[in-house]
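In mature numbering (1 follows the signal peptide of the UniProt record, and there is no 0), the protein residues as written are -25 to -1, 1 to 628.
One structure below.
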């Protein structure tokens, strides 16, 4: 399979290699496109196209890939071939009329042809001799050596004052320009300045901007007899500057370079910045946008700088920044201004239903253990048969107190209906040995707290509180005879979504979305799906910190048919109508949403203590002064001063 694949690649290369576009031989162009082709086959193809003779070292083995859709001439094909050899670690050395293909490690002993006048270009390995007229060849050797490839050769001959260089033709042409500048006649001397901190390219550009009439980069103006007295050549391989010029001007430039070549605040171009408050991913997006804008706005005269790179580490909430020292300082300043603690908002809410109708009832039940409670009312049961004077008087006094607080008069009670047991706990959460149950139904002004949630969220962050049930809904048919419907469960209940925005003046802008949804129990589900009742408020309000607002006013009407009858007698046909009654109850339910947002700065401990001290306790309050019972305010509800339907009395333990 490998051999067949190789032959297919070679055949493909041959098919794409020769594309004649003219009847004249000199105008022929070719397309070179090979994938995983054997290098010996490639050499054979190039030999046929260029007419050259190649001698291949036995150690030259491997596969090469060249992808190009551009048509090329014979000379361009040969230059592409030489570049391909360099990439794969081989070189072409001219030896008379033949070209030797050898490894780069064997170049120095390959007998390379000597070029004295120049003329060859490209990636071919050549040897050139540079006669030095004014400078010392041996002084130039340490300056030029870092610019020669590792497989190349550089030597100076003191007696003849010449340089011998073996390297690729393109690199030797570059070296010839540098040798020319260094070998200029006159009183100019050469000095090499090694940079310790700055980058050579940025330094030369900066010097040209500081003194454009006194500094020439490379050979700009050198051969035209310009008035520039100092020539700078940058050696990027070793990060140093070659300075040539008259003594006084040269020393001034060198002193300026040494002053500019100072260590930056950050020694490395990479830095890891840990964020304390901001999100690393969002911060990285902001910095990337700033970097792209600043780099795009830089002019042509700006010194070249390496691109800014910002990566985010989500696990450690850190940024990995790569930039030059000047850019790094600006980025750190931006990060420090954005990575600040965000204020928090405590949102306390109460979702209340206020229901009104035409009936008022109140029932109170006590159950105690007479063996433990010595100062209590001894009862043995909580059934309806227990209707003693003590219980009736207590219920009547509580009812009168509610009447004075604004409720409907309840009158005397002659019976105590069955109620709900509620455990009693002291402020430390320890249970005691008696229980109490209270039932108070105020049909004219009945308050039902659907939910009293509170949540702490950051500024400009969404807070969601959901309390409800997962209700099954029919979503379609499944095609199954046993189960013809598909069921999907959805949350039905109370959902409060709030987004706080703290303004500069301390006020809070709230985006509120309140949904109260419940299953309609009055609808039969035999032939229909579940029906829900939904009430929703969506608004934006502006409120001061700690201020309470009330939203709502959504009124719902409900009509209920009630029937009561005497046991046994009420079920007798015809005569039973004398022992039963029917009534129609019309109920109006008003949905109110009470919100109290508070900005949390450094008083979180105080707020937490107030909330813990204000937890509603389950206790019985026997108030002798009925006039002291007052209707609780909204602040009383939030501060915990409204307990079991009554305001808290000062001094209670």
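Ideal Cβ positions, reconstructed from N, Cα and C, are used throughout, including at glycine.
Keep in mind the model is a prediction, meaning the values are calculated, not measured.
So residue i packs on residue j, CB below 8 angstroms; how close in whole Å?
i, j, result
"residue 46", "residue 5", "7 angstroms"
"residue 132", "residue 110", "Their Cβ separation, rounded to whole angstroms, is 14 angstroms, which puts residue 132 and residue 110 out of contact at 8 angstroms."
"residue 445", "residue 466", "6 angstroms"
"residue 258", "residue 310", "7 angstroms"
"residue 328", "residue 564", "5 angstroms"
"residue 317", "residue 434", "5 angstroms"
Per DSSP, what kind of secondary structure is residue i in: helix, strand or coil?
i, result
"residue 490", "strand"
"residue 547", "coil"
"residue 210", "strand"
"residue 311", "helix"
"residue 19", "helix"
"residue 63", "coil"
"residue 117", "helix"
"residue 131", "strand"
"residue 3", "coil"
"residue 289", "coil"
"residue 50", "helix"
"residue 474", "strand"
"residue 300", "helix"
"residue 443", "strand"
"residue 250", "coil"
"residue 520", "coil"
"residue 110", "coil"
"residue 267", "helix"
"residue 437", "coil"
"residue 556", "strand"
"residue 256", "helix"
"residue 196", "Unreliable placement is indicated for residue 196, whose pLDDT of 37 sits below 50; the coordinate value is still reported in the next sentence. In the structure shown, residue 196 sits in coil (DSSP, three-state: anything other than H, G, I, E or B)."
"residue 505", "coil"
"residue 283", "coil"
Over what stretch of residues does the alpha helix (DSSP H) that includes residue i continue unbroken?
i, result
"residue 146", "144 to 157"
"residue 45", "Here residue 45 belongs to no alpha helix (DSSP H), and DSSP marks it neither H nor E."
"residue 233", "222 to 235"
"residue 181", "175 to 185"
Provide the residue span of the beta strand (DSSP E) that contains residue i, from first to last.
i, result
"residue 9", "9 to 13"
"residue 630", "Missing from the structure shown is residue 630; the chain here goes from -25 to 628 and no further."
"residue 164", "164 to 169"
"residue 34", "Looking at the DSSP string, residue 34 is not in any beta strand (DSSP E), and its letter there is neither H nor E."
Quick one, which of the options has its alpha-carbon nearest residue i's?
i, options, result
"residue 25", "551, 48 and 15", "48"
"residue 255", "296, 236 and 234", "296"
"residue 217", "207, 225 and 224", "207"
"residue 114", "430, 169, 466 and 138", "138"
"residue 71", "118, 142 and 101", "101"
"residue 39", "32, 50, 7 and 560", "7"
"residue 51", "440, 509, 320 and 3", "3"
"residue 312", "36, 247 and 253", "253"
"residue 470", "481, 429, 461 and 522", "429"
"residue 147", "542, 177, 329 and 104", "104"
"residue 516", "483, 294 and 427", "483"
"residue 537", "561, 57, 185 and 566", "561"
"residue 476", "519, 76, 448 and 491", "519"
"residue 108", "158, 572 and 60", "158"
"residue 425", "267, 567, 540 and 551", "567"
Per DSSP, what are the beta-bridge partners of residue i in this structure?
i, result
"residue 575", "319"
"residue 431", "321"
"residue 74", "29 and 69"
"residue 532", "563"
"residue 465", "446"
"residue 58", "Answer is none; residue 58 lacks a bridge partner."
"residue 538", "557"
"residue 40", "DSSP, once it has assigned bridges, lists no residue as partnering residue 40."
"residue 569", "325 and 525"
"residue 80", "Residue 80 pairs with nothing; no bridge assigned."
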